[in-house]
Amino acid sequence: MIILISVGESKDKGDLMKDLLIKTVEFGQKLGATYAEIRLQEIYKTVISTKDGRVEVVTEGLETGAGIRVLVDGAWGFSTVSGTSKETLMEGMEKAVKMARAASKSIKEKIELADVKAVEDKVKVKPKVDPRDVSPEEKVDLLLKLDSTLFSISNSIKSCTIDYADIIGTQYFASSDGTYIEQDKLYVWSRIFASAREGDIFASGREEFGSTAGFVIWRQNPPEEVARRLGERLLMQLKAKTPKGGAFPVVMGPNVVGVFAHEAFGHLAEADLTYAGSVIKDLIGKQVASPLITIIDDGTLEGGFGSFRYDDEGVPAQKTILVKDGVVVSLMFNREYTAKFQKIVEGLPEDIRETFEVKLTGNARAEDFRVPPLIRMRNTYIKPGDYSFEELLEGIKFGYYVKYFRGGQANLDGTFQVGIQEAYEIVNGEIGDPVRNMSISGNTLETLKKVDAVGKDFEVGAGRCGKGQTAFVGDGGPHVRVKELIVGGEM
Amino acid sequence: MRDDLIDIGELGVSEALKRGATEVEAYISWGRSLGVKIEHGQISFSTVGIDNGIGIRVAVGKRVGFAYANSLSPDKVKEVAERAVSAAKASREDKDWRGLPEPRTLPTVEDVFDDRIIKMDVDEVSEIAKRMLDSALEYDKRVIPINGGVSVSYGTVAIVNSKGIRVEEKGTLIYAGLATIARDGTKVSPVCYETDHSRVLKIDPEWVGREAARLAVEALKTEKVSPGRYPVIFDQEALSELWEYTLTKAVQADFVQRDRSALKGKLGEQVASEILTIIDDGIRRGGYNTGSFDGEGVPSQRTVIIESGILRGYLYDNYTAKKENRSSTGNAARSPQYGPVAVDYASTPSIAPTNFTVIEGDFKVDEMISEIKEGFYVRGIQGAHSSNPESGEISVVATPCWKIERGEVKHAVQGAMIAGNMFEMLKRIAGIANNTRQFFYLVSPWIMVENVRIVSK
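Chains as they are written, first to last, in our numbering: chain A, 1 to 491; chain B, 1001 to 1457.
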């Protein structure tokens, strides 16, 4: 029995692991699996929470376990186990096969996987400042510095909640296609919620940042600067007016463009949701947006919160162009949906087959070993154009500039909503008074067609996306102008 | 099921005390789940998993640390105890820390455990999923069940602390849910969702399938609406979304103490329509979040929040209660919804409602609809998480949503927004129906609110 005690550097550990995983996969094949994979993880987490200047708790977490997924007679089975002993893994494989066999009894359309090239690789991370080299005391100091700076800005600031997490570990992946990958994982993430109050007027704001490049993200976001950004936003909200409700021209900042690219468009182009009937199902290969619009989901962006080398099916992450000059040219795929769409495009006209490409994009991601991978976004953004910010504002008699989002959501029918925490009126081509409690909504495709100018700046931020599981993602873009969007507010 | 969780907890407590902790709490859980998934109109996936772990919270003086691992082996328990103590030492003193909770007598709760759920195998779970799926497919050809499933889960939780708490409880849950869309030519309905869940083996999968299908079909026909102020009926799904980010936060003691609640300082005042009474009922028979104790081993209870429109109380955990020299209301939960970890043993306690219960009125649903000349019925809310939790301001899309004209549900509405303030809306509640059901944390009938601002193009 092999028990793994630590992620130490012992030389033969990798070989032992490889041997163990391959044996487990072979056992699955012997039991009748036509495809088998095992994804074993060792994860270390440090989490710190502070509230209003007090450290609520410092947490250290250890997780070791495996997710095992197999195909039997065209149906999926999955089992998750804690621990990594040979007995545990073999038992887990046996259960996964049993699960798949049960599901196969009622399968109508058998699941097939697109072919992959077998890969053998070891991916080591070289963080810019390893979070393990920063003591917990130092991390606490940074958070408290941010907190105290924020409170020093104004007496109206009432609360500040900071969550910090670093997640470090190694993932070992083996599949019956002959792939074996050892891949280090490293994430540093922080989120700050703050609120202010003056009498009956409340304001709230948030900031979030994260990186796969290391603790350097805290050097790029010095606590004083984050506090100032947040504090100014809160004070502005206290003085802000509520928006007029109705349809107006809107200029979106990169932060809002990012959530729009992700929520409003991105989900529609996740191949499983497209297949399920999202509004772009019948529009692949066709014009859906203004020719100014190019949307990219990029797994290779350096340091991006959604970046990685191989996805959780062992497929190399790609930079995937989803919309090129307004035309849907690809989707985000995993192996199952690549196979499904390969069949779909066979029946489509020649011109669409020429513009629309079906290939493995590396979008299969699982939150951890407890769950099977799903099609998830990585770093999703709109490509910059050539307008300056001033040019974007020009000619708008009355409209809104939406700078930072609070949250966003979309539906497969193509309606989206993005709540805004920082917004301004645009009056006669200039930024005017601040506006609070506003949100924008509309139909994604109509909105993309109404984009009439794209800025030349570019920014990508970090976020987390929920689709039953949480995924770390990045999103962003330049400033973008839309001729008309619905703004929720006073009538 | 495992029956040694208390022993493991005691080991964790003694190991941490040995290493310098002044107070220790061990939370241990073991759980198994079995699920069958539906994708694109067929059952194509089944899953099984066992998860277990221990989370140890320690205080070293007034410094608090926490560590966890997904293992219950004695070696790991010792390592977790060690790490919790070192985490506490890296922390800072919290002057408001006044210790872990003391033991109290636990209430008896009913219908939270069913042996029949434990004994179910994957074929039986599949059979239930198949019944749900078939009834959706049979309802109408235009219906596409896009995803859903049936799952059973069961487990045991134990809490041991150095103040003498030693509690253990087992629980079961069965869940069925289906999301559908309907497609007619190029017309696509919004995603419609229905669910039934129960702590004992008593669910109606055919009803879930039929309802999910009916909603999608009825959401196909849409017409434009004029903006304005209308009466709006919210059903359980819509209310649970809207309140999750506004009302339930405003009654949490941490929000109140930190000046983040619009309901701060309003105890005894009229904060809602006098027909509204809300009780957080932690001991509701068979409730989704029912248990005899909370995430700190404190007894669950019924807490009156709003009585005939008057604010009566807030929800407390041990920490916020001790700050006010009172007792916890048993509202410490273990799984944060937005933290970087989402497993119970991996999280420290935070305040959350249990079974947030609206006392029903005597309005029949049909009567409620028939009394509306022009208004809306809202089932789902998009963007509720972008609400302002402090002020209660909301600006969300209502979907799926239907227009009511002259007492009848006429057609669906696409992209209508609701803008306003949830705390103002509470005062304009004009009708509470008698169709109570539990939708996860919320137990409520339909509620009608007057004068709700609808924004549309």
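Note that the Cβ used here is the ideal one computed from N, Cα and C, for glycine as well.
At a C-beta separation below 9 Å, Ile107/A has these neighbours in chain B: Gln1042, Ile1043, Ser1044. In this structure Val323/A is not in contact with Val358/A, their Cβ atoms being roughly 16 Å apart against a cut-off of 8 Å. The C-alpha of Glu138/A is placed about 48 Å away from the C-alpha of Cys1192/B. Secondary structure of Phe305/A (DSSP, three-state): coil.
Under DSSP, Pro1299/B forms a beta bridge with Phe1293/B. The beta carbons of Leu1133/B and Gly1012/B sit about 44 Å from each other, so the pair does not count as a contact at 8 Å.
Using beta-carbon distances, Asp130/A does not count as an interface residue toward chain B, since no partner is under 8 Å.
Taking all protein chains in view, the Cβ of Leu412/A is crowded by 16 or more other Cβ atoms within 10 Å, so the residue is classified as buried.
Given a length threshold of 3 residues, each whole run of the beta strand (DSSP E) inside the stretch 1314–1380 of chain B is given here in chain order: 1356–1358, 1374–1378. Secondary structure of Met1120/B (DSSP, three-state): coil. As the crow flies, the alpha-carbon of Ile1381/B is around 12 Å from that of Ala1419/B. The shortest CA-to-CA distance from Ser82/A to any of Ala462/A, Gly65/A, Arg406/A, Val72/A is the one to Gly65/A. Counting C-beta pairs with one atom in each stretch, the stretch 305–317 of chain A and the stretch 232–246 of chain A have fewer than three that are closer than 8 Å, which means they do not touch. Across the structure, Lys239/A and Pro434/A are spaced so that their CA atoms are roughly 8 Å apart.
Counting only the Cα atoms, Ile107/A lies some 36 Å from Ile295/A.
Distance check between Phe1113/B and each of Val1152/B, Ser1086/B, Leu1100/B, Ala1129/B places Val1152/B closest, using alpha-carbon atoms only. Annotation: the continuous alpha helix (DSSP H) that includes Asn255/A extends over 254–259. By the CB criterion at 8 Å, Phe369/A and Arg39/A fall inside the cutoff. Contact check for Ile375/A against Ala271/A passes: the beta carbons are separated by less than 8 Å. Around the C-beta of Phe398/A, fewer than 16 other C-beta atoms lie within 10 Å, and the residue is accordingly described as exposed. Under the Cβ distance rule, Gln417/A counts among the residues neighbouring chain B, one pair being separated by less than 8 Å. In the DSSP assignment, Pro223/A falls outside any beta strand (DSSP E) and lies within the alpha helix (DSSP H) extending over 223–239. Annotation: Ser1395/B to Val1455/B spans about 9 Å, alpha carbon to alpha carbon. Counting only residues of its own chain and dropping the five nearest sequence neighbours on each side, Gly362/A has a CB closer than 6 Å to the CB of Gly299, Asp311, Val315, Pro316, Ala317, Gln318.
With distances taken between CA atoms, Asn1451/B lies nearest to Met1425/B out of Gly1431/B, Met1425/B, Tyr1345/B, Ala1433/B. In the three-state DSSP reduction, Ala317/A falls in the coil class, being neither helix nor strand.
In this structure, DSSP gives Thr149/A a helical state, which the three-state scheme calls helix.
Of the candidates Ile48/A, Leu143/A, Asp475/A, Asp19/A, Asp19/A places its Cα closest to the Cα of Thr84/A.
Residue environment: Asp1123/B is assigned as exposed (fewer than 16 neighbouring CB atoms within 10 Å of its CB, all protein chains considered). Within the same chain, His267, Leu412 come within 7 Å of Leu273/A by CB-CB distance, once the 5 residues on both sides are set aside.
In the DSSP assignment, Val480/A falls outside any alpha helix (DSSP H) and within the unbroken beta strand (DSSP E) covering 480–488. Lys1457/B has no beta-bridge partner at all, per DSSP.
By the criterion of a C-beta distance shorter than 8 Å, Ser1273/B is surrounded in its chain by Gly1309, Leu1426, Lys1427, Arg1428, Ile1429, Ala1430, once the five residues flanking it on both sides are discounted. According to the DSSP assignment, Ile107/A belongs to no alpha helix (DSSP H), since it is labelled neither H nor E. Ala339/A has a beta carbon lying at 8 Å or more from every beta carbon in chain B. Membership of Lys1170/B in the beta strand (DSSP E) is indicated by the continuous run 1166–1184.
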